[in-house]
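Chains A and B are the protein sequences, given in the same order.
Here the first sequence stands for residues 28 to 342, numbered as in the numbering used here.
Here the second sequence stands for residues 8 to 288, numbered as in the numbering used here.
Here a beta-carbon is modelled for each residue, glycine too, at the ideal position from N, C-alpha and C.
Encoded as structure tokens, the structure appears first; notes follow it.
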Amino acid sequence: MLTYLLRRLALFIPVLVLISILVFSLLHLAPGDPVNMIVGEDRPGPEVIAAIRKEYGFDDPLPIQYLRWASHAAVGDLGYSYRSREAVTQVVLERLPTTVELSVLSIAFGLVLALPLGILAALRRGTWIDAVSSAVAALGISMPAFWIGILLIYLFALTLRWVPPSGYVSPTEDLAQNLRLMVLPVITLGLGYGATLTRYVRASMLESLGLDFVRTARAKGLSGAQVVFGHVLRSALVPIVTVLGIETGRLLGGAVLTETIFALPGMGRLAVDAILSSDFPTMQGAVLIMALWVLLANLVVDLLYGVLDPRMGRS
Amino acid sequence: MIAARIRAAGSLARLHPAGAVGAIVLLVIAFGAVFAPMLAIESPEKQQIAISLQAPSVAHPFGTDDLGRDVWSRLLYGGQVSLGVGFVSTILATVVGVVGGLISGYAGKWVDGAIMRATDVLLAFPTLILAVAIVGVLGPDLVNATIAIAIATLPRFTRIIRAETIRLRAAEFVEAAVSVGVPGRRIMFRHILPNTAGLIVVQFALSVAASILSEASLSFLGLGVRPPTPSWGSMLRAGYPFLALAPWISIASGLAVSVTVLASTLVGDAIRDHLDPRLRH
Numbered sequence: 028m029l030t031y032l033l034r035r036l037a038l039f040i041p042v043l044v045l046i047s048i049l050v051f052s053l054l055h056l057a058p059g060d061p062v063n064m065i066v067g068e069d070r071p072g073p074e075v076i077a078a079i080r081k082e083y084g085f086d087d088p089l090p091i092q093y094l095r096w097a098s099h100a101a102v103g104d105l106g107y108s109y110r111s112r113e114a115v116t117q118v119v120l121e122r123l124p125t126t127v128e129l130s131v132l133s134i135a136f137g138l139v140l141a142l143p144l145g146i147l148a149a150l151r152r153g154t155w156i157d158a159v160s161s162a163v164a165a166l167g168i169s170m171p172a173f174w175i176g177i178l179l180i181y182l183f184a185l186t187l188r189w190v191p192p193s194g195y196v197s198p199t200e201d202l203a204q205n206l207r208l209m210v211l212p213v214i215t216l217g218l219g220y221g222a223t224l225t226r227y228v229r230a231s232m233l234e235s236l237g238l239d240f241v242r243t244a245r246a247k248g249l250s251g252a253q254v255v256f257g258h259v260l261r262s263a264l265v266p267i268v269t270v271l272g273i274e275t276g277r278l279l280g281g282a283v284l285t286e287t288i289f290a291l292p293g294m295g296r297l298a299v300d301a302i303l304s305s306d307f308p309t310m311q312g313a314v315l316i317m318a319l320w321v322l323l324a325n326l327v328v329d330l331l332y333g334v335l336d337p338r339m340g341r342s
Numbered sequence: 008m009i010a011a012r013i014r015a016a017g018s019l020a021r022l023h024p025a026g027a028v029g030a031i032v033l034l035v036i037a038f039g040a041v042f043a044p045m046l047a048i049e050s051p052e053k054q055q056i057a058i059s060l061q062a063p064s065v066a067h068p069f070g071t072d073d074l075g076r077d078v079w080s081r082l083l084y085g086g087q088v089s090l091g092v093g094f095v096s097t098i099l100a101t102v103v104g105v106v107g108g109l110i111s112g113y114a115g116k117w118v119d120g121a122i123m124r125a126t127d128v129l130l131a132f133p134t135l136i137l138a139v140a141i142v143g144v145l146g147p148d149l150v151n152a153t154i155a156i157a158i159a160t161l162p163r164f165t166r167i168i169r170a171e172t173i174r175l176r177a178a179e180f181v182e183a184a185v186s187v188g189v190p191g192r193r194i195m196f197r198h199i200l201p202n203t204a205g206l207i208v209v210q211f212a213l214s215v216a217a218s219i220l221s222e223a224s225l226s227f228l229g230l231g232v233r234p235p236t237p238s239w240g241s242m243l244r245a246g247y248p249f250l251a252l253a254p255w256i257s258i259a260s261g262l263a264v265s266v267t268v269l270a271s272t273l274v275g276d277a278i279r280d281h282l283d284p285r286l287r288h
């Protein structure tokens, strides 16, 4: 188990370093002088530009600039926004909880949708239940998050007027209002996620149902429910947990769209707004944190994998 | 000859009815995009403020948008952008990704290590976030969006082709070619590549749907086409502030994206099932 853990960590660190290099390079791959992005529309004199270059260290060789940026980032200093002059770390920390809340609630919603649908579809393979479940999954996968969101706003906010169309209230300020405002975004993001999961749950259950130990469990006289929940589901959980990790990236991508539709102040919106205003430090910070999030999610899944399936740890 | 082709297509359609429906829908949409100049009622960029936000009518079957432009005409021209970017970016990703995978799998050693770490890094970024970041660097426009989607898509091709190349490198016919002194490049492209064709076709078909979705997402975020050029994503972006007043703008463009993605997914799934039944769930 320990060697397995160490091997995973050994793979994690070089990828993290490469990601930080890529994120750092974003600024320098962009056409044009970064100074022009800082000054924007103003056209200051050469001495002002020279002062800015010195202040931001743009005259140093790129590897030096990278090491400076990375060593600051490693201790939680992501620089300052070109636009608002605020500390990027501060802004990211303000935005992160919204995206975390949206994602966690959407994962929960997706699981609540996918587990019963997928399990039922597998147990009633080939029947109308299976067909309906597959159709729902195909539809959910094909509908882009922004389209689901717009339909939900039109139906539940503008036509039926059950919930407000968009907006955000911090949960510490008013939890009830926060949850009311989160209903549509969570359905928007969770529906596509749940649809993808449904397919995997069904496939994974079908695979487990065909295994020898299931036949043994049935042969020794266990009831259908005992077999399904005691044996099949447990072994089917391993690939499902893996998918939770793989799908983290897509979930975050969907969060960007969902935050845009519902005007939620989250990480995705922060990154897009930073790009539209050429605010590179903020964009680098937001992208770095999201990449780190995906990487950590996959690491956690790998470790869970070792727990759920002890054979993994030993190999 | 033609009759035999039609019969073959017919039996394929009976084997994969959902895929056949998807293919027909996709053909109709492609027809609309290609013949947009003939099918459009007026120029998709013609503004008539006097008739803005009009509900669907005989003159404007899908209504008009906030600038009085005909939604039907914009949908047709928007299809050119959506399908065009979807296919071009996937072709780019296929070419670069497949060559990378062949080299990685065949060369092995540090070359393989370097290419695999590069794909690890690209795969660590969520597709849309990576595309957003690349467009952020290159600047928001259509060509850059195409490049960004291609870069975000290609690591999947690299991974799949690398694994297959490693498997095939050990095959007897490759060993035979090596033993008679066939140069590496020729082995990769003449001996190994043709044997990966099925995998490439399957991955291509599945990637097109994802790329169309990515273009719509980028344009919806304001990082794709520049106005006034229509794309389904940008129409949705422009239409949704008027959702209460003029829902037809959002509904028409949103349906166009969803139906196209669903149709391409059905075609992709059918191709996968047909060429590689092992992958079927």
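Residue 28 of chain B and residue 212 of chain B have their C-alpha atoms spaced approximately 15 Å apart. Rounded to the nearest whole angstrom, the CA to CA distance from residue 88 of chain B to residue 239 of chain B is 8 Å. Taken in chain order, the members of the segment 270 to 295 of chain A whose beta-carbon sits within less than 7 Å of a beta-carbon on chain B are 276, 277, 279, 280, 283, 284 and 287. When C-beta atoms of the segment 221 to 235 of chain A are compared with those of the segment 132 to 143 of chain A, three or more pairs fall below 8 Å, so the two segments count as touching. Residue 314 of chain A reaches chain B at 132, 136, 137, 139, 140 and 143, counting residues in chain order whose Cβ is nearer than 9 Å. Take the alpha-carbon of residue 82 of chain A and the one of residue 150 of chain B: they are about 34 Å apart.
Residue 77 of chain B is bridged by DSSP to B:71. The contact set of residue 88 of chain A on chain B, defined by CB atoms closer than 8 Å, is empty, because the minimum CB distance reaches about 20 Å. Annotation: residue 59 of chain B to residue 66 of chain B spans about 13 Å, alpha carbon to alpha carbon. Rounded to the nearest whole angstrom, the C-alpha separation of residue 152 of chain A and residue 263 of chain A is 16 Å. The closest CA to that of residue 137 of chain B, considering only B:14, B:159 and B:195, is found on B:159. Residue contact with chain B for residue 42 of chain A: present (Cβ-Cβ distance below 8 Å to some residue of chain B).
Secondary structure of residue 253 of chain B (DSSP, three-state): coil.
Using a CB distance cut-off of 8 Å, residue 170 of chain A counts as an interface residue toward chain B. Residue 211 of chain B: member of the alpha helix (DSSP H) spanning 204 to 227, first to last residue. Collapsing the DSSP output to three states places residue 177 of chain B in coil.
Any Cβ of chain A closer than 8 Å to the Cβ of residue 96 of chain B would place that residue at the interface, and such an atom is absent. For residue 184 of chain B, the secondary structure class from DSSP, reduced to helix, strand or coil, is helix. Here DSSP, grouped into helix, strand and coil, assigns residue 47 of chain B to coil.
When secondary structure is reduced to three states using DSSP, residue 184 of chain A falls in the helix class. For residue 299 of chain A, the closest Cβ of chain B is nearer than 8 Å. By the CB criterion at 8 Å, residue 225 of chain B and residue 152 of chain B fall inside the cutoff. Contact of residue 107 of chain A with chain B is not assigned, every C-beta pair being separated by 8 Å or more.
Comparing alpha-carbon positions, the option among B:214, B:205 and B:175 lying closest to residue 195 of chain B turns out to be B:175. A residue is called buried when at least 16 other Cβ atoms come within 10 angstroms of its Cβ; residue 265 of chain B meets this threshold and is buried. Exposure of residue 55 of chain A is indicated by the presence of fewer than 16 other C-beta atoms within 10 angstroms of its C-beta. Counting the other CB atoms within 10 Å of its CB gives residue 86 of chain A a total below 16, which places it among the exposed residues.
In this structure, residue 86 of chain B lies away from residue 47 of chain B, with their beta-carbon atoms at least 8 Å apart.
Here residue 117 of chain B is exposed: its Cβ has fewer than 16 other Cβ atoms, across all protein chains shown, within 10 Å. Near chain A, meaning a CB-to-CB distance below 8 Å, the residues of the segment 216 to 231 of chain B are 216, 220, 223, 224, 227, 228, 229 and 230.
In the structure shown, the three-state DSSP call for residue 245 of chain B is helix.
Judged by DSSP in its simplified three-state form, residue 109 of chain A adopts coil rather than helix or strand.
Cβ atoms of residue 194 of chain A and residue 290 of chain A come within 8 Å of each other, at about 6 Å. Membership of residue 156 of chain A in the alpha helix (DSSP H) is indicated by the continuous run 155 to 169. Counted as a single uninterrupted DSSP element, the alpha helix (DSSP H) harbouring residue 243 of chain A occupies residues 239 to 246. Less than 8 Å divides the Cβ of residue 328 of chain A from the Cβ of residue 268 of chain A.
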